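Peer 1: Pasting a structure here, questions to come.
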Amino acid sequence: MTNNSMSSTSTAWTGMVSVDDTALAVTDTGGPGTPVVYLNGQFATQGYWRRVITDLGTGFRHITYDERARGRKSKRSADYSFEAAVRDVDAVLAARGVHQAVLVGWSYGAVVGAHWANRNPERALGAVLVDGAFPHDWLDEAMAQRIRKMFRRMNLFMPLLRPTGLTPRMNADQMADSNIELGELSRERDLGPVLDAITVPVRYVVASGTSLGSRGDEQEQIRASLDAVTARNPNITIGAKVASNHGAILKKDFRAVADAVRGVAAPRREGAGDTR
1 MTNNSMSSTS TAWTGMVSVD DTALAVTDTG GPGTPVVYLN GQFATQGYWR
51 RVITDLGTGF RHITYDERAR GRKSKRSADY SFEAAVRDVD AVLAARGVHQ
101 AVLVGWSYGA VVGAHWANRN PERALGAVLV DGAFPHDWLD EAMAQRIRKM
151 FRRMNLFMPL LRPTGLTPRM NADQMADSNI ELGELSRERD LGPVLDAITV
201 PVRYVVASGT SLGSRGDEQE QIRASLDAVT ARNPNITIGA KVASNHGAIL
251 KKDFRAVADA VRGVAAPRRE GAGDTR
């Protein structure tokens, strides 16, 4: 579908969107509100956004989707790379006839959102990055080996949960490769320039404590890298620092995420143009 083939007041829709060698399960609430596209955590599903979407309500048009081999319906692929994840944003928006949108990304999705906003300043109405997209050199060879060991251990039980959509239909090496690639992309010399070049409003919602696979205060050290980012780029601010840890933030602090969405969307909505 093209931008001209669908009104910005489209009706609700659920279906599959083809991209490359796969197809993604997509949900679009439709309606005339500002489009918001939600970018999942690395192995999460669109269901994680339920509370945020409910809090924001019908004043926004909510577009969620499950990444390749995630959820119950999205198909497997030969390509689980980060660049494929960025292409998927374009594919979903094009299929739904949306030219401009607010991006909301959690964890891995925050990095996807940062890159997409940097590459598409005329299309990104703003971005909310939830406990992700921190430019920090956390990956070394020892960490890479920890990641591979963790996913091989988890793969002993993950196949049992795959029919429910709670775990991805990827093998241990594919999941580890994706996580290691994220570490490479998150290095200060790589992610820092991406964030510095963003020209649209960005608000971070930052969790506290640990995340899966982290030890001690590793995660808080990573989050501290934001101080230099906000000092360099006035378009980027920390909207909230919340008590929830990385895994619980969308469940326990969904209101802070929703408030950040309202904040980045407000200037554009006041001077609203056509977001098709």
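With UniProt numbering applied, the sequence shown closes on residue 276, and no number is skipped along the way.
Built from N, CA and C at the ideal position, the CB exists for glycine as well.
The model shown is predicted, which means the values in this text are computed figures rather than measured ones.
Just to confirm, is the Cβ distance from M25 to M170 under 8 Å?
Peer 2: Taking the first residue of the sequence shown as 1, we reach residue 25 at position 25. Taking the first residue of the sequence shown as 1, we reach residue 170 at position 170. According to the sequence displayed, residue 25 carries Ala and not Met. Not in contact: A25 and M170 (Cβ atoms no closer than 8 Å).
Peer 1: Contact check, A258 vs V52 under 8 Å by CB: the rounded distance?
Peer 2: Against the sequence shown, residue 258 aligns to sequence position 258. Against the sequence shown, residue 52 aligns to sequence position 52. That belief holds up - the Cβ atoms of A258 and V52 are roughly 5 Å apart, short of 8 Å.
Peer 1: If we count the other Cβ atoms within 10 Å of its Cβ and call it buried at 16 or more, is G59 buried or exposed?
Peer 2: Here residue 59 corresponds to residue number 59 of the sequence shown, with the count starting at 1. Exposed: under 16 other Cβ atoms inside 10 Å.
Peer 1: Put V261 into one of helix, strand or coil per three-state DSSP.
Peer 2: As a position in the sequence shown, residue 261 is number 261, starting the count at 1. In this structure, V261 counts as helix in the three-state DSSP scheme.
Peer 1: Check I198 in the structure and name its three-state DSSP category.
Peer 2: If you number the sequence shown from 1, residue 198 lands on position 198. Reduced to three states, the DSSP call for I198 is coil.
Peer 1: Please go through the same chain and pick out, in chain order, the residues whose beta-carbon is closer than 8 Å to the beta-carbon of G30, but skip the five residues on each side of it.
Peer 2: Counting from 1 along the sequence shown, the entry for residue 30 is found at position 30. Close CB contacts of G30 within its chain, under the 8 Å cut and outside five residues either way in sequence, are with T9, S10, T11, A12, W13 and R61 (chain order).
Peer 1: Starting from M16, follow the beta strand (DSSP E) in both directions and report where the run begins and ends.
Peer 2: In the sequence shown, the residue the question calls residue 16 occupies position 16. Taken as a continuous stretch (DSSP letters only), the beta strand (DSSP E) holding M16 covers W13 to V19.
Peer 1: Return the first residue and the last residue of the alpha helix (DSSP H) that W116 is part of.
Peer 2: The residue given as residue 116 occupies position 116 in the sequence shown. Start and end: Y108 to R119.
Peer 1: Report the option in K75, A172, H115 and V102 whose CA atom is closest to the CA atom of R87.
Peer 2: Here the question's residue 87 lines up with position 87 in the sequence shown. Of the candidates K75, A172, H115 and V102, the one whose C-alpha sits nearest the C-alpha of R87 is H115.
Peer 1: What is the DSSP secondary structure of D79, counted as helix, strand or coil?
Peer 2: What you label residue 79 is simply residue 79 of the sequence shown in a count that begins at 1. In this structure, D79 counts as coil in the three-state DSSP scheme.
Peer 1: By the 10 Å Cβ neighbour count, where 16 or more other Cβ atoms means buried, how is A272 classified, buried or exposed?
Peer 2: Walking along the sequence shown from the start, residue 272 turns up at place 272. Only weak support is given to the placement of A272: the predicted model assigns it a pLDDT of 49, under 50, and the value that follows is read from those uncertain coordinates. With fewer than 16 Cβ atoms within 10 Å of its Cβ, A272 is classed as exposed.
Peer 1: Here's a check: name, in chain order, each residue in its chain whose Cβ is nearer than 7 Å to the Cβ of N4, leaving out the five neighbours to either side.
Peer 2: In the sequence shown, residue 4 corresponds to position 4, counting from 1. For N4, the pLDDT reaches just 32, beneath the cut-off of 50, and the residue's location in the model is therefore unreliable, although a value from the coordinates is still provided. Answer for N4: no residue qualifies.
Peer 1: Just mark G57 as buried or exposed, buried being the case when its beta carbon has 16 or more other beta carbons within 10 Å.
Peer 2: The residue labelled residue 57 in the question sits at position 57 within the sequence shown. The residue in question, G57, is exposed, as its Cβ has fewer than 16 Cβ neighbours within 10 Å.
Peer 1: Roughly how many angstroms lie between the CA atoms of M150 and I222, to the nearest whole one?
Peer 2: On the sequence shown, position 150 is the one that residue 150 refers to. On the sequence shown, position 222 is the one that residue 222 refers to. If you take the alpha carbons of M150 and I222, they lie about 20 Å apart.
Peer 1: Which of the three DSSP states, helix, strand or coil, is assigned to D28?
Peer 2: Counting from one through the sequence shown, the residue named residue 28 turns up at place 28. The answer is strand: DSSP assigns D28 an E or B state.
Peer 1: Check P267 in the structure and name its three-state DSSP category.
Peer 2: Residue numbering aside, residue 267 sits at position 267 when the sequence shown is read from its first letter. Three-state result, P267: helix.
Peer 1: To which residues of the same chain is S244 closer than 6 Å at the C-beta, ignoring the five residues directly before and after it?
Peer 2: For the purposes of this step, residue 244 is taken as the residue at position 244 of the sequence shown. Contacts found: A207, K252 and D253.
Peer 1: Is it right to say P168 is buried, meaning 16 or more other beta carbons lie within 10 angstroms of its own, or is it exposed?
Peer 2: Position 168 of the sequence shown, counted from the first residue, corresponds to residue 168. When all chains shown are included, P168 counts as buried.
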